[in-house]
Amino acid sequence: MSSDLQNVSIFSVTSNIGQHIFQALLNSSVSGYNPSLTVFVSPSSSQASSFTNTVRILKSNPSDCQYLAKAQTGIDVVISTLNGPDFDVLTRILECLVDIFPMLM
């Protein structure tokens with residue numbers, strides 16, 4: 136597999152859907168595909184320590200666009216499973232990402 140889409144960031148990795156996406160990427164059955172994973176968790180999350188040491192874990196506040204922009208450097212794919220009560224957070228993250236990835240518009 137080519138090196139395209141190797142650097143993946145995931146928001147809401149601890150959600151029901153996020154956990155499955157994370158595990159599918161971490162244990163990819165595609166020969167030669169071993170993506171570099173960056174996961175974003177809330178600063179108050181106690182689950183950050185549950186991830187393997189092969190995963191880049193960032194505790195982030197979605198209102199800090201500069202931090203999110205810096206953290207997305209080199210990222211090829213952004214996955215978010217935020218929903219429901221987290222819709223305002225998702226909207227803020229998307230607003231930040233539009234500045235980084237203008238092709239989203």
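According to my numbering, the sequence shown is numbered sequentially starting from 136.
Every residue gets a Cβ at the ideal spot worked out from N, C-alpha and C, and that includes glycine.
Owing to the predicted nature of the structure, the values given are computational and were not obtained by experimental measurement.
{"Asked": "Could you spell out where the beta strand (DSSP E) holding Asn-188 opens and where it closes?", "Found": "Looking at the DSSP string, Asn-188 is not in any beta strand (DSSP E), and its letter there is neither H nor E."}
{"Asked": "Counting C-beta neighbours from all protein chains within 10 Å, is the total for Met-207 16 or more, i.e. buried, or is it exposed?", "Found": "Checking the sequence, you will find Gln at residue 207 rather than Met. Its Cβ being crowded by 16 or more others within 10 Å, Gln-207 is buried."}
{"Asked": "Would you mind working out which of Val-165, Ala-204, His-155 sits nearest Gln-141, comparing C-alpha positions?", "Found": "Val-165"}
{"Asked": "Suppose you measure from the CA of Val-213 to the CA of Gln-154; what does that come to, to the nearest Å?", "Found": "15 angstroms"}
{"Asked": "How long is the line joining the alpha carbons of Asp-199 and Lys-205, rounded to whole angstroms?", "Found": "10 angstroms"}
{"Asked": "Could you check what DSSP says for Ile-145 in three-state terms: helix, strand or coil?", "Found": "strand"}
{"Asked": "Look at Leu-203 and Ser-215 and say whether their C-beta atoms are less than 8 angstroms apart.", "Found": "no"}
{"Asked": "State the DSSP-derived secondary structure class of Val-165, mapped to helix, strand or coil.", "Found": "coil"}
{"Asked": "Does DSSP put Ile-152 in a helix, a strand or coil?", "Found": "helix"}
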